[in-house]
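Q: Attaching a single structure in structure tokens format; questions to follow.
Residue numbers (the numbering used here): 91 to 256.
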């Protein structure tokens, strides 16, 4: 079971497999958090001791005190697998990037539409069907009594006037 290189490649291949066999194909996800073992922690401690014993190189900037926090943090992996038992096809993708996990979870909903025999959803539902984007209102300039536009201060600071009740 080889892993695919990119999440886009996994999504494309999985959608094709789900379109071909929507009733038998399964999509599974697995999230695993692994703590480093004692051997890796000791190895990193030895590395930090060697690094501290080395003479300082004046050409390099001095880093802050090294800590073991980054070693003792658990490493998390997210694995997505699309499997069709009839054809024996198995597509896998694995990532350790936290930002990518949320995006992949969102794509699972779009893949599920093929399995439920629903039509494909539009990519961006916030855009109206006529193709026009959401417009923001234009800010009108303050007008003095004489009809000329009000001067704006360059500083940007200052108090706002309170508006009276009408």
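Just so you know, even glycine gets a beta-carbon here, dropped at the ideal spot from N, CA and C.
With residue 121 as the anchor, note down where its beta strand (DSSP E) starts and where it stops.
A: Within the chain shown, residue 121 is the residue found at index 31, counting from 1. Looking at the DSSP string, the run of the beta strand (DSSP E) that includes residue 121 is 116-124.
Q: Hey, would you say residue 167 sits closer than 7 Å to residue 96, going by beta carbons?
A: Reading the chain shown from its first residue, position 77 is the one you call residue 167. Reading the chain shown from its first residue, position 6 is the one you call residue 96. Taking 7 Å as the Cβ cut-off, residue 167 and residue 96 do not qualify as a contacting pair.
Q: With a threshold of 8 Å, are at least 3 pairs of Cβ atoms found where one atom belongs to the segment 195-212 and the other to the segment 124-131?
A: no
Q: Is the beta carbon of residue 114 closer than 7 Å to that of residue 174?
A: Here residue 174 refers to the residue found at position 84 of the chain shown. Here residue 114 refers to the residue found at position 24 of the chain shown. Going by C-beta atoms, residue 174 is nearer than 7 Å to residue 114.
Q: Helix, strand or coil: how does DSSP classify residue 108 here?
A: Numbered from 1 along the chain shown, position 18 holds the residue referred to as residue 108. Correct three-state label for residue 108: helix.
Q: Would residue 171 and residue 184 be called neighbours here (beta carbons separated by less than 7 Å)?
A: For the purposes of this step, residue 171 is identified with residue 81 of the chain shown, where counting begins at 1. For the purposes of this step, residue 184 is identified with residue 94 of the chain shown, where counting begins at 1. 7 Å or more divides the Cβ of residue 171 from the Cβ of residue 184.
Q: Whose CA, out of 142, 208, 116 and 124, lies closest to the CA of residue 178?
A: Here residue 178 refers to the residue found at position 88 of the chain shown. Among 142, 208, 116 and 124, the Cα nearest to that of residue 178 is on 116.
Q: Taking just the CA atoms, how far does residue 98 sit from residue 253?
A: On the chain shown, position 163 is the one that residue 253 refers to. On the chain shown, position 8 is the one that residue 98 refers to. When rounded, the distance between both Cα atoms is 54 Å.
Q: Have a look at residue 101 and residue 120 and give me their C-alpha separation to the nearest angstrom.
A: Numbered from 1 along the chain shown, position 11 holds the residue referred to as residue 101. Numbered from 1 along the chain shown, position 30 holds the residue referred to as residue 120. Cα to Cα, residue 101 sits roughly 16 Å from residue 120.
Q: Please classify residue 170: does DSSP put it in a helix, a strand, or coil?
A: Mapped onto the chain shown, residue 170 falls at position 80. In this structure, residue 170 counts as strand in the three-state DSSP scheme.
Q: Determine the extent of the beta strand (DSSP E) in which residue 183 is found, giving its start and end residues.
A: As a position in the chain shown, residue 183 is number 93, starting the count at 1. Counting along the chain, the beta strand (DSSP E) containing residue 183 begins and ends at 179-185.
Q: Any idea if residue 124 is buried or exposed, counting beta-carbon neighbours within 10 angstroms, 16 or more meaning buried?
A: As a working note, residue 124 is residue 34 in the chain shown. Burial call: exposed.
Q: In the structure shown, what three-state DSSP assignment does residue 136 receive?
A: Position 46 of the chain shown holds residue 136. The answer is helix: DSSP assigns residue 136 an H, G or I state.
Q: With H, G and I counted as helix, E and B as strand and the rest as coil, what does DSSP make of residue 158?
A: Translated into the one-based positions of the chain shown, residue 158 becomes position 68. Summary for residue 158: the model assigns pLDDT 45, below 50, so the residue's position carries little reliability; its value from the coordinates is reported in the next sentence. In this structure, residue 158 counts as coil in the three-state DSSP scheme.
Q: To the nearest angstrom, how far is it from the Cα of residue 132 to the Cα of residue 139?
A: Here residue 132 corresponds to residue number 42 of the chain shown, with the count starting at 1. Here residue 139 corresponds to residue number 49 of the chain shown, with the count starting at 1. The alpha-carbon atoms of residue 132 and residue 139 are separated by roughly 11 Å.
Q: Whole angstroms is fine: what's the gap from residue 93's alpha carbon to residue 191's?
A: Walking along the chain shown from the start, residue 93 turns up at place 3. Walking along the chain shown from the start, residue 191 turns up at place 101. For residue 93 and residue 191, the distance between alpha carbons rounds to 16 Å.
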